[in-house]
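Engineer: For reference, the structure I am asking about is given below.
Residue numbers (full-length UniProt numbering): 1 to 528.
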């Protein structure tokens with residue numbers, strides 16, 4: 001018995017040693033890759049936009065010839081702020097001022113403030129040119145002192161008409177809180193305007209999205225409600241954070257404009273895909289996508305519209321998912337509407353009207369991952385029929401078992417299309433498409449290709465889950481329980497979505513949500 005107990009203790013000790021060793025390896029990899037400071041705890045430093053391409057095959061000077069060109073390439077557009085680009089709608093964008101990115105670039109050698117929690121700092125904006133701990137309460141815009149005892153009056157900052165001022169930005173009239181200064185348009189579209197601004201209360205730079213005429217029809221009103229409601233619920237480092245929300249109209253009868261204030265990021269993934277990233281950065285970006293998606297899935301939320309323009313990054317390689325206008329509960333997955341997700345990233349089960357579950361998002365992530373490797377869209381279909389053809393030409397026609405699960409009319413359509421045997425993944429994604437293998441054997445073309453082959457599976461029953469993907473060696477190298485198993489948000493009440501509402505009813509629901517937010521949060525976005 002003593003020998004058995006001793007053997008058990010030995011195995012337990014070996015397991016602890018192994019786990020400790022793996023954790024040490026992860027921390028060391030983050031240090032060696034340049035993604036963390038030498039004395040860091042596993043979080044990412046701010047090192048300027050050039051830190052994103054540090055140690056890649058390409059050189060920063062080869063990617064952008066000047067700060068002005070960099071500014072143009074990394075201009076923020078309304079798609080990543082949250083507007084879907086549908087049909088032939090054209091969205092105009094303007095770059096941020098060159099000095100903004102110049103200040104970002106000039107900080108690459110700066111050190112973080114000592115004694116601060118680096119993981120908390122990673123959520124701070126980079127545009128100020130330096131890191132700072134969470135700000136202590138400041139004077140409000142009228143100069144009066146803020147304190148715990150005056151929290152309720154602080155919340156009423158959004159209610160006082162004296163706290164608003166009118167400004168015209170890109171031919172759009174905005175009635176905005178005085179705390180937001182130096183507005184600059186960074187994107188415009190049919191649904192409104194997106195501006196970068198300085199928040200003089202919190203001391204950070206923010207993105208302000210004005211939803212103009214969100215109540216012009218039921219579809220727009222429903223999406224506006226869903227996006228704002230979900231932004232209130234979720235709280236994860238890899239999902240865009242809601243900093244404030246307000247309307248200058250204080251009566252339901254007058255309610256017309258909704259302003260949403262969010263974190264300001266440096267670029268969307270469309271620009272990053274054009275960079276020649278090394279395995280460390282590519283796998284780390286993928287890991288963060290999976291962490292954010294897992295957080296949503298844990299609350300029964302399927303994003304449904306994952307694409308490069310809905311994924312934003314900062315210069316320190318931190319990543320966030322945004323735009324929840326199409327997200328919904330996974331409660332009745334097999335009755336869901338088929339027309340979701342930008343066509344290029346649309347899963348086969350959506351194209352074929354099979355209904356879908358959480359791993360519909362994994363297909364989209366696989367398409368994005370493959371695009372990062374190949375440098376262009378994997379399945380650029382011109383319509384849903386051509387989209388299916390593009391998929392089967394590369395991955396092959398699915399099995400008879402898959403066909404039997406299709407609706408009769410859809411099955412007839414699929415069976416009468418040209419059959420394709422598809423290609424092996426080492427032909428679709430040969431070694432020459434990948435960066436040089438890392439010194440860590442887990443970060444290699446072989447491992448990346450293996451994970452991609454498990455994501456891009458036509459049959460959703462055989463496609464990898466988000467939990468299994470996070471255990472794959474290519475991304476598990478970054479595994480952090482606090483990021484993967486972060487507390488899930490409160491369950492989204494999808495019963496509201498399932499009910500038929502008129503535009504006026506959606507308008508009232510959104511107005512109530514805005515009023516509730518203003519009454520329950522102080523000027524720093526903290527819940528009472």
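Backbone N, C-alpha and C define an ideal beta-carbon position, used for all residues, glycine too.
Counting along the chain, where does the alpha helix (DSSP H) carrying residue 284 start and finish?
Structural biologist: What you label residue 284 is simply residue 284 of the chain shown in a count that begins at 1. Unbroken alpha helix (DSSP H) run through residue 284: 279-298.
Engineer: Please say whether residue 259 and residue 208 have beta carbons closer to each other than 8 Å?
Structural biologist: Counting from 1 along the chain shown, the entry for residue 208 is found at position 208. Counting from 1 along the chain shown, the entry for residue 259 is found at position 259. Cβ atoms of residue 208 and residue 259: closer than 8 Å.
Engineer: Let me check understanding here. Comparing Cα to Cα, which of 490, 383 and 467 lies closest to residue 481?
Structural biologist: Locating residue 481 in the chain shown gives position 481, where the first residue counts as 1. When only C-alpha atoms are compared, the closest one is 467.
Engineer: Could you round the C-beta distance between residue 321 and residue 348 to whole angstroms and report it? I think they count as a contact, below 8 Å.
Structural biologist: Taking the first residue of the chain shown as 1, we reach residue 321 at position 321. Taking the first residue of the chain shown as 1, we reach residue 348 at position 348. Not quite, the Cβ-Cβ distance comes to about 22 Å (not below 8 Å), so this is no contact.
Engineer: If you draw a straight line from the C-alpha of residue 406 to the C-alpha of residue 357, how long is it?
Structural biologist: Position 406 of the chain shown, counted from the first residue, corresponds to residue 406. Position 357 of the chain shown, counted from the first residue, corresponds to residue 357. Roughly 16 Å between the two C-alpha positions.
Engineer: Let me know the secondary structure DSSP gives residue 504 once reduced to three states.
Structural biologist: Your numbering for residue 504 matches position 504 in the chain shown. In this structure, residue 504 counts as helix in the three-state DSSP scheme.
Engineer: By the 10 Å Cβ neighbour count, where 16 or more other Cβ atoms means buried, how is residue 262 classified, buried or exposed?
Structural biologist: Taking the chain shown and counting its residues from 1, the one referred to as residue 262 is at position 262. The residue is buried, with at least 16 neighbouring Cβ atoms inside 10 Å.
Engineer: Can you tell me the Cα-Cα spacing of residue 370 and residue 377, whole angstroms?
Structural biologist: Within the chain shown, residue 370 is the residue found at index 370, counting from 1. Within the chain shown, residue 377 is the residue found at index 377, counting from 1. Cα to Cα, the separation comes out at about 8 Å.
Engineer: Within the chosen definition, does the segment 514-524 reach the segment 243-250 through at least 3 CB pairs nearer than 8 Å?
Structural biologist: yes
Engineer: Who are the near neighbours of residue 524 in its chain, counting only those whose CB is closer than 7 Å to its CB and skipping five residues on each side?
Structural biologist: Along the chain shown, read from residue 1 onward, the residue named residue 524 stands at position 524. In its chain, beyond the 5 residues on either side, 202 have a beta carbon closer than 7 Å to the beta carbon of residue 524.
Engineer: For residue 429 and residue 219, I'd like the C-alpha separation in whole angstroms.
Structural biologist: Stepping through the chain shown from its first residue, residue 429 is reached at position 429. Stepping through the chain shown from its first residue, residue 219 is reached at position 219. Those two C-alpha atoms are separated by around 39 Å.
Engineer: Would you tell me roughly how many angstroms separate the C-alpha atoms of residue 375 and residue 367, rounded to the nearest one?
Structural biologist: Mapped onto the chain shown, residue 375 falls at position 375. Mapped onto the chain shown, residue 367 falls at position 367. Looking at the two C-alpha atoms, the distance is approximately 11 Å.
Engineer: Report the residue from 508, 454 and 460 whose alpha carbon sits nearest the alpha carbon of residue 471.
Structural biologist: Start at 1 with the first residue of the chain shown, and residue 471 comes out as number 471. Measuring from the Cα of residue 471, the nearest candidate turns out to be 454.
Engineer: Taking the beta carbon of residue 408 as the centre, do at least 16 other beta carbons fall within 10 Å, making it buried, or is it exposed?
Structural biologist: Working through the chain shown from its first residue, we reach residue 408 at position 408. Residue 408 is exposed by the Cβ-count criterion.
Engineer: So, helix, strand or coil for residue 246, using DSSP?
Structural biologist: Along the chain shown, read from residue 1 onward, the residue named residue 246 stands at position 246. If DSSP states are grouped into helix, strand and coil, residue 246 belongs with the strands.
Engineer: Between the beta-carbon of residue 506 and the beta-carbon of residue 210, is there less than 8 Å?
Structural biologist: The residue given as residue 506 occupies position 506 in the chain shown. The residue given as residue 210 occupies position 210 in the chain shown. Contact: no.
Engineer: Which runs of the alpha helix (DSSP H) at least 4 residues long sit entirely within the segment 392-463? Give them in chain order.
Structural biologist: Unbroken alpha helix (DSSP H) runs of no fewer than 4 residues, entirely contained in the segment 392-463, are found at 400-404, 408-415, 425-428 and 445-455, following chain order.
Engineer: Among 446, 199 and 252, which residue has its Cα nearest to the Cα of residue 431?
Structural biologist: Position 431 of the chain shown, counted from the start, is the residue given in the question as residue 431. The shortest C-alpha separation from residue 431 is found at 446.
Engineer: Cα separation between residue 373 and residue 514?
Structural biologist: Translated into positions along the chain shown, residue 373 becomes position 373. Translated into positions along the chain shown, residue 514 becomes position 514. For residue 373 and residue 514, the distance between alpha carbons rounds to 42 Å.
Engineer: Would you mind working out which of 351, 301, 345 and 269 sits nearest residue 317, comparing C-alpha positions?
Structural biologist: Indexing the chain shown from 1 puts residue 317 at position 317. For residue 317, the nearest C-alpha among the options comes from 269.
Engineer: Going by beta carbon distance, what residues of the same chain come within less than 7 Å of residue 442, once the five residues before and after it are set aside?
Structural biologist: What you label residue 442 is simply residue 442 of the chain shown in a count that begins at 1. Contacts found: 473, 474 and 477.
Engineer: If we count Cβ pairs, one from each stretch, closer than 8 Å, do we get three or more for the segment 488-495 versus the segment 221-240?
Structural biologist: yes
Engineer: Consult DSSP for residue 272 and reduce its assignment to one of helix, strand or coil.
Structural biologist: Taking the first residue of the chain shown as 1, we reach residue 272 at position 272. In the structure shown, residue 272 sits in a helix (DSSP, three-state: H, G or I).
Engineer: Cα-Cα, which of 250, 257, 251 and 238 is closest to residue 173?
Structural biologist: Looking up residue 173 in the chain shown gives position 173. Comparing Cα-Cα distances from residue 173 to each of 250, 257, 251 and 238, the minimum goes to 257.
Engineer: For residue 167, count neighbouring Cβ atoms within 10 angstroms of its own Cβ and tell me buried if that reaches 16, exposed if not.
Structural biologist: Counting from one through the chain shown, the residue named residue 167 turns up at place 167. The residue in question, residue 167, is exposed, as its Cβ has fewer than 16 Cβ neighbours within 10 Å.
Engineer: Hey, which unbroken runs of the beta strand (DSSP E) at 3 residues or more fall wholly within the segment 185-231?
Structural biologist: 192-199 and 204-212
Engineer: Between residue 438 and residue 310, what straight-line distance do the alpha-carbon atoms span, to the nearest angstrom?
Structural biologist: Taking the chain shown and counting its residues from 1, the one referred to as residue 438 is at position 438. Taking the chain shown and counting its residues from 1, the one referred to as residue 310 is at position 310. One C-alpha to the other measures close to 28 Å.
Engineer: Exposed or buried, which one is residue 423 when buried takes at least 16 other CB atoms within 10 Å?
Structural biologist: Here residue 423 corresponds to residue number 423 of the chain shown, with the count starting at 1. Per the 10 Å Cβ criterion, exposed.
Engineer: Take residue 182 and list the residues in its own chain whose beta-carbon comes closer than 7 Å to its own, dropping the five residues that flank it on each side.
Structural biologist: Translated into the one-based positions of the chain shown, residue 182 becomes position 182. Taken in chain order, the residues that qualify are 197 and 198.
Engineer: On the CB-based measure, 16 or more other CB atoms within 10 Å of its CB, does residue 380 come out buried or exposed?
Structural biologist: Taking the chain shown and counting its residues from 1, one reaches residue 380 at position 380. So residue 380 counts as exposed.
Engineer: Where does residue 44 fall in DSSP's three states?
Structural biologist: Taking the chain shown and counting its residues from 1, one reaches residue 44 at position 44. Note that residue 44 has pLDDT 33, beneath the 50 cutoff, so the model's placement of it is unreliable and the number below is only indicative. Coil.
Engineer: Taking just the CA atoms, how far does residue 323 sit from residue 82?
Structural biologist: By one-based count along the chain shown, residue 82 stands at place 82. By one-based count along the chain shown, residue 323 stands at place 323. With a pLDDT of 32 at residue 82, under the threshold of 50, the modelled position of this residue cannot be trusted, and the question is left open.
Engineer: Near residue 403, what residues of its chain come up, given a Cβ to Cβ distance below 7 Å and the 5 sequence neighbours on each side ignored?
Structural biologist: Working through the chain shown from its first residue, we reach residue 403 at position 403. Taken in chain order, the residues that qualify are 411, 414 and 415.
Engineer: Tell me which residue opens and which closes the alpha helix (DSSP H) that residue 368 is part of.
Structural biologist: In the chain shown, counting from the first residue as 1, residue 368 sits at position 368. Looking at the DSSP string, the run of the alpha helix (DSSP H) that includes residue 368 is 360-374.
Engineer: Quick check: what's the CA-CA separation for residue 382 versus residue 393?
Structural biologist: In the chain shown, residue 382 corresponds to position 382, counting from 1. In the chain shown, residue 393 corresponds to position 393, counting from 1. Taking the straight line joining both Cα atoms gives about 15 Å.
Engineer: Helix, strand or coil for residue 303, going by three-state DSSP, please let me know.
Structural biologist: Start at 1 with the first residue of the chain shown, and residue 303 comes out as number 303. Residue 303 falls in the coil class under three-state DSSP.
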